[in-house]
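J.: Structure below; questions to follow.
Numbering (the numbering used here), first residue to last: 1 to 285.
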């Protein structure tokens, strides 16, 4: 009798343990799935590099944000030369300040009508996978034109995620010195428009009404080497600042900040902790 009773007790204990394990696995799986499916209340910030660059050019900015502003990089997005979009990493828990790093394998493609489609592919995949409804951007150099061309093509589409905050670093909205601009050639007219306007400027201005009206807060940071060129060595201050004229009456708020001296050089702007601090305060404070 004792043996039978002992055997029954063992069986009951084993059954309880099995049921508990199955319940726990089910609960954890269900919780992870819920978080995975909907990240809509957590606004991701997308970092995109410039011409000929890659992850290295945004790594230090992201590291600074993680160490000083409680942000977390959740994904790296790789865009192949064939326009395929691949996510690396996992956005599996509630992150208040998620960061997504974008890396273009074809990093010298200057056709913005093509690259803006890549950006759209990224956003639609973020929307379908994580239910992203809003996003921020931090763009350097060529990355600014990619994000701007996207806005001029799709910014008014209510079915796509909405841009909330836009950070521009070393943006060449009206020419690059040595290509279609010259040192100290350009200047602003009384209207606020640049005297000389390149194809990108005219294209962006022509489609400015597609930019979401009174929705986006903009921080435009540009460098001045203080060497008499009024530029960051690659982009004139007029070219960088011409963004304000393009988006006049469209933005919600707009602020320009000039970085002086050696650390205002075109490629050093994304390695400048003063810039990182300004970006962090703008995005998260």
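Glycine included, C-beta positions come from ideal geometry on N, C-alpha and C.
Sorted by chain position, which residues of the same chain lie with C-beta nearer than 8 angstroms to residue 276's C-beta, five sequence neighbours on each side aside?
T.: As a first step, residue 276 is located in the chain shown; it is residue number 276 there, counting from the start. Contacts found: 60, 61, 64, 65, 68.
J.: Can you tell which of 160, 195, 130, 55 has the C-alpha that lies nearest to the C-alpha of residue 139?
T.: For the purposes of this step, residue 139 is taken as the residue at position 139 of the chain shown. Nearest option by C-alpha distance: 55.
J.: Evaluate residue 41 with the Cβ neighbour count: other Cβ atoms within 10 Å of its Cβ, from every protein chain shown; 16 or more gives buried, anything less gives exposed.
T.: The count along the chain shown starts at 1 and reaches residue 41 at position 41. By the neighbour-count rule (16 or more Cβ atoms within 10 Å), residue 41 is not buried but exposed.
J.: When you compare each of 96, 246, 212 to residue 188 by their alpha carbons, which one comes out closest?
T.: The residue you call residue 188 lines up with position 188 of the chain shown. Minimum Cα distance to residue 188 is reached at 246.
J.: With residue 255 as the anchor, note down where its beta strand (DSSP E) starts and where it stops.
T.: Translated into the one-based positions of the chain shown, residue 255 becomes position 255. Start and end: 253–260.
J.: If you drop the 5 nearest sequence neighbours on each side, which residues of the same chain put their C-beta closer than 8 angstroms to that of residue 186?
T.: One-based indexing of the chain shown puts residue 186 at position 186. Excluding sequence neighbours, residue 186 sits near 174, 175, 194, 195, 196, 236, 238, 239.
J.: What does the Cβ neighbour count give for residue 241, buried or exposed, with the cut at 16 atoms within 10 Å?
T.: Locating residue 241 in the chain shown gives position 241, counting from the first residue. Buried, because 16 or more other Cβ atoms sit within 10 Å of the Cβ of residue 241.
J.: According to DSSP, simplified to helix, strand and coil, what is residue 274?
T.: Numbered from 1 along the chain shown, position 274 holds the residue referred to as residue 274. Helix at residue 274.
J.: Taking the Cβ atom as the reference point for each residue, do residue 282 and residue 165 lie within a distance shorter than 8 angstroms?
T.: Taking the chain shown and counting its residues from 1, the one referred to as residue 282 is at position 282. Taking the chain shown and counting its residues from 1, the one referred to as residue 165 is at position 165. Result yes, Cβ atoms of residue 282 and residue 165 sit closer than 8 angstroms.
J.: Are any of the Cβ atoms in chain D nearer than 8 angstroms to that of residue 83?
T.: Absent from the structure is chain D; it holds one protein chain and no more.
J.: Would residue 230 and residue 184 be called neighbours here (beta carbons separated by less than 8 angstroms)?
T.: Indexing the chain shown from 1 puts residue 230 at position 230. Indexing the chain shown from 1 puts residue 184 at position 184. The answer is yes: Cβ separation under 8 angstroms.
J.: Could you give the distance in angstroms between the alpha-carbon of residue 331 and the alpha-carbon of residue 101?
T.: Here the chain has residues from 1 to 285 only, and residue 331 is not among them.
J.: Exposed or buried, residue 179, counting other C-beta atoms within 10 Å across all chains shown (16 or more means buried)?
T.: Numbered from 1 along the chain shown, position 179 holds the residue referred to as residue 179. So residue 179 ends up on the exposed side.
J.: For residue 172, count the other beta carbons within 10 Å of its own beta carbon; 16 or more makes it buried, fewer makes it exposed. Which is it?
T.: Within the chain shown, residue 172 is the residue found at index 172, counting from 1. Classification for residue 172: buried.
J.: For residue 57, collect the residues of the same chain with a Cβ closer than 7 angstroms to its Cβ; drop the 5 residues on either side in sequence, then sort them by chain order.
T.: The count along the chain shown starts at 1 and reaches residue 57 at position 57. The residues are 49, 50, 140, 270.
J.: Can you have a look at residue 110 and say buried or exposed, based on whether 16 or more other CB atoms are within 10 angstroms of its CB?
T.: Residue numbering aside, residue 110 sits at position 110 when the chain shown is read from its first letter. With fewer than 16 Cβ atoms within 10 Å of its Cβ, residue 110 is classed as exposed.
J.: So what does DSSP say about residue 114, is it helix, strand or coil?
T.: Against the chain shown, residue 114 aligns to sequence position 114. If DSSP states are grouped into helix, strand and coil, residue 114 belongs with the helices.
J.: How big is the Cα-Cα spacing for residue 273 and residue 170?
T.: Reading the chain shown from its first residue, position 273 is the one you call residue 273. Reading the chain shown from its first residue, position 170 is the one you call residue 170. Computed Cα separation, rounded: 15 angstroms.
J.: DSSP on residue 134, reduced to helix/strand/coil?
T.: If you number the chain shown from 1, residue 134 lands on position 134. Reduced to three states, the DSSP call for residue 134 is strand.
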